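So the structure is just underneath, and the comments pick up after that.
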Amino acid sequence: MSQDKPMDPIFVTRTFLPPRAEYDAWLDKVYASHVLTNNGPVHRELEETLRQRFDVPHLRLMTNGTLALQLAIRALGVKGEVITTPFSYVATTSALLWEGCEPVFVDIDPTTCCIDPTLIEAAITRDTTAILATHVYGIPCDVEAIDVIAKKHGLKVIYDAAHAFDVEYKGKSILCYGDASTLSFHATKLFHTVEGGAVILHDAETDHRLRLLRSFGHIGDAHYTLGVNAKMSEVHAAMGMAVLPHVQECIRQRKELDGIYRSQLADLPVRLLPTCSETLHNYAYFPIFFGDGAVRGAVQEKLEEAGIFSRRYFYPSLNELPYVASAPLVVSERAADTAMSLPFYPDLPAHVPGTIARIIREVTAEHTSIARS
Ligand SMILES: Cc1ncc(COP(=O)(O)O)c(C=O)c1O
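By our numbering, the letter at position 5 of the sequence shown is numbered 16, and the numbering carries on one by one without gaps.
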């Protein structure tokens with residue numbers, strides 16, 4: 012190999028692809044059935060396999076995690092004001108707006124970056140019908156505190172669990188909490204179907220509504236309600252079946268990489284996510300938080316010069332989107348200004364954590380000496 016071959020760029024993630032023969036075996040089943048969509052056999056198998064994996068009563072596959080959110084909101088009859096987190100991917104907020112709801116943002120807990128439950132009650136009005144919170148980076152929200160508030164005020168709870176595949180809290184899947192949870196199976200996620208998602212529900216009636224909403228609102232010739240097309244195809248479900256047996260090994264490798272990053276960054280002025288003793292983590296992301304946004308920007312620039320592309324997960328703070336109205340939220344805005352997700356995937360080249368640590372050390376030292384002079 013040539014000595015001066017430039018290094019391939021390192022991106023924040025690299026999609027796991029199952030061995031080709033394993034995907035082909037699932038595609039062979041699709042070819043054999045000649046059914047490509049509309050609740051085909053592979054779709055049904057993936058749906059039931061995931062339902063059993065999480066031990067939840069109802070799980071429905073969707074075209075993507077955004078439609079999963081939209082249809083969960085609609086199936087639960089959520090309307091009016093919805094208390095929600097400003098620190099998430101934009102789809103959490105856009106799904107509410109798309110469904111005609113008004114997002115009411117409350118700030119986040121600075122340690123977990125999830126919605127701060129102590130701020131929720133003050134934001135409840137006569138028009139509030141639900142809470143939509145994200146287990147951001149796969150860190151569980153304070154589900155017990157949220158449950159108490161929701162019960163007291165008669166609110167529905169939806170968790171955007173797009174980052175929380177296989178996360179467990181107190182010995183059971185995090186998807187067991189709330190009235191609904193949604194997953195994204197986008198190619199950037201720990202478990203993926205190329206594009207895809209799912210809604211998890213806990214009662215049969217809402218599940219029936221959700222299935223109608225997912226499939227044009229009709230069964231055969233009987234039309235019941237306004238619906239959309241949010242069905243997952245057999246080819247996407249086949250990718251899911253091929254990826255699924257590898258997920259736990261991916262998590263094991265990610266846990267190892269998490270340990271490597273934590274030791275490389277141990278003496279540097281960056282804040283890391285907490286690990287919680289009652290949580291079985293999935294190591295979906297490795298975000299770090301700097302002292303201020305200028306340092307975060309300078310580090311990102313230097314990393315890019317070295318061919319390493321981090322991402323601003325999550326930016327902007329969603330209360331600052333140009334199409335929403337909200338008061339400032341200092342904790343979330345600060346997190347969005349200072350957060351950066353590092354490249355994080357099982358076959359990350361071994362030198363990358365060390366290179367990143369060196370660059371962070373250099374940039375932060377430079378900024379500290381500028382601040383002192
Ligand atoms: C928190 C969160 N919610 C929702 C989504 C939307 O999922 P999808 O891309 O599958 O539509 C994503 C990611 O992409 C996400 O990170």
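For each residue, glycine too, the CB sits at the ideal point set by N, CA and C.
These figures come from a predicted structure and were not determined experimentally.
In the DSSP assignment, find the unbroken beta strand (DSSP E) run with A133 in it and report its ends.
-> Counting along the chain, A133 falls outside any beta strand (DSSP E), and DSSP gives it neither H nor E.
Grouping DSSP H, G and I as helix and E and B as strand, with all else coil, what is S13?
-> With a pLDDT of only 41 at S13, under the threshold of 50, the placement of this residue in the model should not be trusted, and no figure is reported.
Cβ atoms of T103 and L332: under 8 Å apart, would you say?
-> no
C-beta contact flag for F27 and H197 at 8 Å = no
Regarding A209 and ligand 1, is the C-beta to nearest heavy atom distance less than 7 Å?
-> no
Which whole-angstrom value describes the C-beta separation of L7 and E260, a residue pair presumed to lie in contact below a C-beta threshold of 8 Å?
-> With the chain running from 12 to 384 in the structure shown, residue 7 is simply not present.
P298 by DSSP, collapsed to three states: which one?
-> strand
Same chain only: Cβ atoms within 7 Å of A172, ignoring 5 sequence neighbours per side = H146, I185, L186, S192, T193, L194
How many angstroms separate the CA atom of T204 from the CA atom of L255?
-> 9 Å
N-terminal and C-terminal residue of the alpha helix (DSSP H) that S251 is part of | The sequence shown places Gly at residue 251, rather than the Ser named in the question. Segment 245-254, the alpha helix (DSSP H) holding G251.
A173: beta carbon under 7 Å from a heavy atom of ligand 1?
-> yes
Any heavy atom of ligand 1 closer than 7 Å to the CB of G189?
-> no
Any chance the region 142-157 sits against the region 359-376, with 3 or more Cβ pairs inside 8 Å?
-> no
Nearest-angstrom Cα separation, counted from T375 out to M73 = 44 Å
Keeping to the same chain, check which residues put their C-beta closer than 6 Å to that of K90; ignore five residues upstream and five downstream.
-> T140
Return helix, strand or coil for I169, following the three-state DSSP convention.
-> strand
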